[in-house]
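Trainee: Going by our numbering, the first residue of the sequence shown is number 1189, and it counts up by one from there. Ideal Cβ placement from N, Cα and C applies to all residues, glycine included. Note that the structure is a prediction, hence the values are computed from the model and not measured.
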Amino acid sequence: MTALQTDYDVVVIGAGFSGLYMLHKLRELGFSAHVYEMGSGVGGTWYWNRYPGARCDVESIEYSFSFCDEIQQEWNWTEVMPAQPEVEAYLNFVCDKLDLRKNIEFSTKVVSVRLDEPSTTWTVETERGDRVTSRFVIAATGCLSAPLEPSIEGLRSFEGISLYTNRFPKEGFDFTGKRVAVIGTGSSGVQSIPVIAAQADELYVFQRSAAYTLPSNTRPLKPGELEELKASYPEIRSQQKNSFAGTVRFGALAAFLSSVPMTTILESTHEERMRAIEERGWLGAFMWSDILFSMEANQMATGLYAELIARVVNDPDTAASLVPQYPFGCKRVIIDVDYFETFNRDNVTLVDLKKDALTKITPSGLCTENRTFDVDVIVFATGFDAMTGALARMNITGRGERRLSDAWSEGPRTYLGLQMVDFPNLFTITGPGSPSVLSNMVTSIEQHVDWIADCLSHMREAGYEVIEPMPEAQEEWVGHVATFAFGIRTDPSCASWYLGANVPGKPRVYMPYSGGVPTYREKCREVAEAGYAGFVLT
Ligand code: NA7
C-alpha cells in the first residue's frame, strides 16, 4: 500500500489473542504482514503462564473469539472456566484453522522498534540481528507479559531449582518429594499453591500481601449445555459488547451480585450481615452496594471475609494472616480452587512476611528475620511490569529520537489506548488508557483489532499514509482516564499493578480506562465516524 517500499505493510509483535486476530484481519484486507513472537508457540499470556492450576477468570464461552462463527461452533470447551491448557489448545486450533502460522516467526524477540522520521517507516530489529521495515507497527504485546524478577538479596545464589510461574517449564514440573517455597500470593500464587501442596513434601507460602480470592464456579460443562450456549451465541456476543466489563458472566462475583437485591452494609444489622454469609457464603461478604464507595463499608466487608476465612482455616494465626489489609476491589479479585482449605494441610506453612520479613535467599533456601527455610525448589509467583512493561522493554524510538519509556516517565500517555503522540503509525492493542485488564480481554482485543483494521482500510482508500494523535486530543484523553482514579483504586494502602505500584520506581498512575466497555466503544466509534477525530492523517 505504501509509496515508499518497505518489507511489509505491517509488523505485528506478539501472537496471543490480539496478534492472531490482527494478522487474520490484515491478511483478509490484503495487507502484507509479519508477526514476531518470543515464544516457540502461539498463545502469548496463555503460552507463558502454564503454571499448575492456571485458569481464566472469565467463562470459556465468553473468553473466545466472536469474529468467526465457524470457529465458535466447531471448538468445544469442556469447562465453564477454562484452564490454561485448554485456552492454549484453542488458540492453536484458531491458528491452524486460519492458517496463520506461516506469517509468524516464533522464538524471536524484538529488541528495537525505530522510526525513520523522513519516510515515516519503522525498522524492527530482533535479538538475532534481523531487521525489517514496515509502514505500520502493531504492538500486540499483552498487558501482563513483562515478568518481574523480585529484587531479593542472594536471588541468584540459590542452588536448588528456581521456577517462575510466568515462564513455567513447558514439560511441567513434578513437585513430588520436594520441599518447596512459593513467593507471591497474587493470582498465580493462589492458583498454583493448592496444586503444588498436593504434590510436595513440604510447602512454605511466603506471603507479603494477603489476597481477596473467591472460589471459582468452574465445573465440567454438562451434556447438552455447550450446544445450548452455542445456539445462543448471537445474543451472548451482543450482550458482551454492551456490558460494562465485556462479559455477562464475569466470574462468580458479578453473576452473583446481579442476582441479589443489594443493600448497604453500613445500615445493616449484625444479624443481617451474619445471615448474608450463612446464606450466600463467600459472596455474602461483598453483596453490599456501598463497599466500593465507602472505606468504612469496605472494611466491614473485609471483616465478614475474615470471619469466613476463620471458619475454614483451623489455625487462628494463619487465618488472621490470610486477611487482606487493603480495600476489597483495589486489586483484581482472584478466583481459586481450594485455596484456604490448603492451609489446613500438615505439609503447608504460611510465612507472613508482614510479621517476619524476607531478608535473603541463600544457596539452600530462604531467610526471614527470624527463621531459615531449607528448600529444594523456589517458585516465584511475583507478577509483572503490567500494561507498560512489554512496550517499554522493546526500545521503541519515535520522532526526534524520543523513546517511549521516556515519553511515559511520568505514566503512560495515549489517545484511546491506541496510539501515542510522536509515534506515528504505531498502534497498541489494549494499551494503557483503554478498558483492557478491567474487561474481558478478548472482547476488548476484538474491538481494538476491528478499529485498527478499519482505520488502515480507510487510510488506504483515502490515500493517507500516516496517522498520529493530536497532542491536545491525547492530553484530553489522559485527563479523562485520570478522572476515574480515585477512592479505593488509589487508596494509599493499595499497591496494585493497575497503579504500577508493584514495580519499584514506576510512577503511581492508574493505567486502565475505568469508564466501561460500552462508553469506550462508543467513543472509538464516534472518533472513526468523524473521520478519525483527534488524529492527524497525512
Ligand atoms: P500479582 O498479582 O502481581 O502478584 C504477585 C505477588 O508476588 C504478590 O502477592 C506480591 O506481593 C508478591 N511479591 C512480589 N515481589 C515480592 C517480593 N520481593 N517478596 C515477596 N512477595 C513478593 O501477579 P500474578 O502473576 O499473581 O497475577 C497477575 C495477574 O495475572 C492477575 O491479576 C490476573 O489478572 C492474571 P504484593 O502484593 O506486591 O505485596
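How is A1545 classed by DSSP in three states: helix, strand or coil?
Mentor: Correct three-state label for A1545: coil.
Trainee: Does the region 1395 to 1404 come within contact of the region 1499 to 1515, defined as at least 3 CB pairs closer than 8 Å?
Mentor: With a cut-off of 8 Å, the region 1499 to 1515 and the region 1395 to 1404 count as touching, because enough Cβ pairs lie within range.
Trainee: Assuming M1210 and D1245 make a contact with CB atoms under 8 Å, what is their CB distance in whole Å?
Mentor: About 24 Å separates the two Cβ atoms, so there is no contact after all.
Trainee: What I want to know is whether the C-beta of A1578 ends up closer than 7 Å to one or more non-hydrogen atoms of the ligand NA7.
Mentor: It does not: the Cβ of A1578 is nowhere closer than 7 Å to a heavy atom of the ligand NA7.
Trainee: Have a look at the DSSP bridge pairing and note the partners of R1135.
Mentor: Residue 1135 is absent from the structure shown; the chain starts at 1189 and stops at 1726.
Trainee: Could you name each continuous beta strand (DSSP E) segment of 3 residues or more that falls completely within the region 1377 to 1441, going from the start of the chain to the end?
Mentor: Listed in chain order, the complete beta strand (DSSP E) runs (minimum 3 residues) inside the region 1377 to 1441 are 1390 to 1395, 1401 to 1403.
Trainee: So, for E1460: in the same chain, excluding its five sequence neighbours on each side, which residues have a beta-carbon less than 7 Å away from its beta-carbon?
Mentor: Once the five neighbours on either side are set aside, E1460 has no close Cβ partner at all.
Trainee: Take the Cβ of A1578 as the centre, count every other Cβ of all protein chains shown within 10 Å, and call the residue buried at 16 or more, exposed below.
Mentor: By the 10 Å Cβ count, A1578 comes out buried.
Trainee: Using 8 Å as the threshold, is the region 1250 to 1261 in touch with the region 1369 to 1381, meaning 3 or more CB pairs across them?
Mentor: At 8 Å Cβ cutoff, the stretches do not touch.
Trainee: Figure out for me which residue from G1241, F1723, R1601 has the closest Cα to the Cα of G1360.
Mentor: Taking only the C-alpha atoms, the option nearest G1360 is G1241.
Trainee: Any contact between the region 1228 to 1235 and the region 1269 to 1279? By contact I mean 3 or more CB pairs, one from each, below 8 Å.
Mentor: The region 1228 to 1235 vs the region 1269 to 1279: in contact.
Trainee: In chain order, which continuous runs of the alpha helix (DSSP H) of length 4 or greater are located wholly inside the region 1196 to 1282?
Mentor: Runs found: 1205 to 1216, 1233 to 1236, 1257 to 1262.
Trainee: Does the Cβ-Cβ distance between G1605 and T1618 come in under 8 Å?
Mentor: Going by C-beta atoms, G1605 is nearer than 8 Å to T1618.
Trainee: Consider the Cβ of A1578: report whether some Cβ of chain B lies at a distance smaller than 8 Å.
Mentor: The displayed structure is made up of one protein chain only, and chain B is not part of it.
Trainee: Excluding five sequence neighbours on each side, which residues of the same chain lie with their C-beta closer than 6 Å to the C-beta of G1439?
Mentor: With a pLDDT of only 48 at G1439, under the threshold of 50, the placement of this residue in the model should not be trusted, and no figure is reported.
Trainee: Leaving out the 5 sequence neighbours to the left and right, which residues in its chain are closer than 7 Å to G1342 when beta-carbon positions are compared?
Mentor: Closer than 7 Å at Cβ, skipping near neighbours: K1548, I1549, T1550.
Trainee: Taking only heavy atoms of the ligand NA7 into account, decide whether any of them is closer than 7 Å to the Cβ of S1159.
Mentor: Because the chain in this structure spans residues 1189 to 1726, residue 1159 falls outside the shown range and cannot be described.
Trainee: Please report how far the alpha carbon of S1404 lies from the alpha carbon of I1326, in whole angstroms.
Mentor: Each residue's Cα considered, the two are about 34 Å apart.
Trainee: For S1790 and S1220, what's the separation of their Cα atoms in angstroms?
Mentor: What the structure shows of the chain is the stretch from 1189 to 1726, and residue 1790 is not part of that stretch, so it cannot be assessed.
Trainee: Under the criterion of a Cβ to heavy atom distance below 7 Å, does F1572 qualify as lining the ligand NA7?
Mentor: Yes, the beta carbon of F1572 sits closer than 7 Å to at least one heavy atom of the ligand NA7.
Trainee: Specify, as a first and last residue, the run of the beta strand (DSSP E) that P1657 falls within.
Mentor: That run of the beta strand (DSSP E) goes 1655 to 1657.
Trainee: Please confirm whether any heavy atom of the ligand NA7 lies closer than 7 Å to the CB of M1354.
Mentor: Checking the displayed sequence, the identity of residue 1354 turns out to be Asn instead of Met. N1354 Cβ: within cutoff of the ligand NA7.
Trainee: Please report the distance separating the alpha-carbon of V1299 from that of L1332.
Mentor: Taking the straight line from one Cα to the other gives about 18 Å.
Trainee: Using the Cβ count rule (16 or more neighbours within 10 Å means buried), how would you classify D1594?
Mentor: Per the 10 Å Cβ criterion, exposed.
Trainee: Are the Cβ atoms of G1330 and S1632 separated by less than 8 Å?
Mentor: No; because the gap between Cβ atoms is not below 8 Å, this pair is not in contact.
Trainee: What residue does the alpha helix (DSSP H) around D1638 start on, and which one ends it?
Mentor: Here the alpha helix (DSSP H) through D1638 covers 1629 to 1650.
Trainee: Give the DSSP bridge partners of G1553, in chain order.
Mentor: Per DSSP, T1550, D1562.
Trainee: Spatial neighbours of D1197 within its chain, please: CB distance less than 6 Å, with the 5 preceding and 5 following residues excluded, ordered by chain position.
Mentor: For D1197, where only same-chain residues beyond five positions count, the Cβ hits under 6 Å are M1189, F1219, S1220, R1323.
Trainee: Any idea if E1225 is buried or exposed, counting beta-carbon neighbours within 10 angstroms, 16 or more meaning buried?
Mentor: That one is buried.
Trainee: Excluding the 5 residues flanking Y1527 on each side, which residues of the same chain have their C-beta closer than 7 Å to its C-beta?
Mentor: The residues are V1378, I1381, P1382, T1401.
Trainee: Straight-line CA distance for A1670 to R1677?
Mentor: In a straight line, the C-alpha of A1670 is about 11 Å away from that of R1677.
Trainee: Compute the Euclidean distance between the alpha carbons of R1468 and I1424, then round it to the nearest angstrom.
Mentor: One C-alpha to the other measures close to 26 Å.
Trainee: In chain order, what residues of the same chain lie with their CB nearer than 8 Å to the CB of R1713, ignoring the 5 residues before and after it?
Mentor: Hits under 8 Å: none found.
Trainee: Name the two residues that bound the continuous beta strand (DSSP E) containing T1309.
Mentor: 1309 to 1314 is the span of the beta strand (DSSP E), which, as asked, contains T1309.
Trainee: Restricting to Cα atoms, I'd like to know which of F1481, G1227, I1453 is closest to A1473.
Mentor: Comparing Cα-Cα distances from A1473 to each of F1481, G1227, I1453, the minimum goes to I1453.
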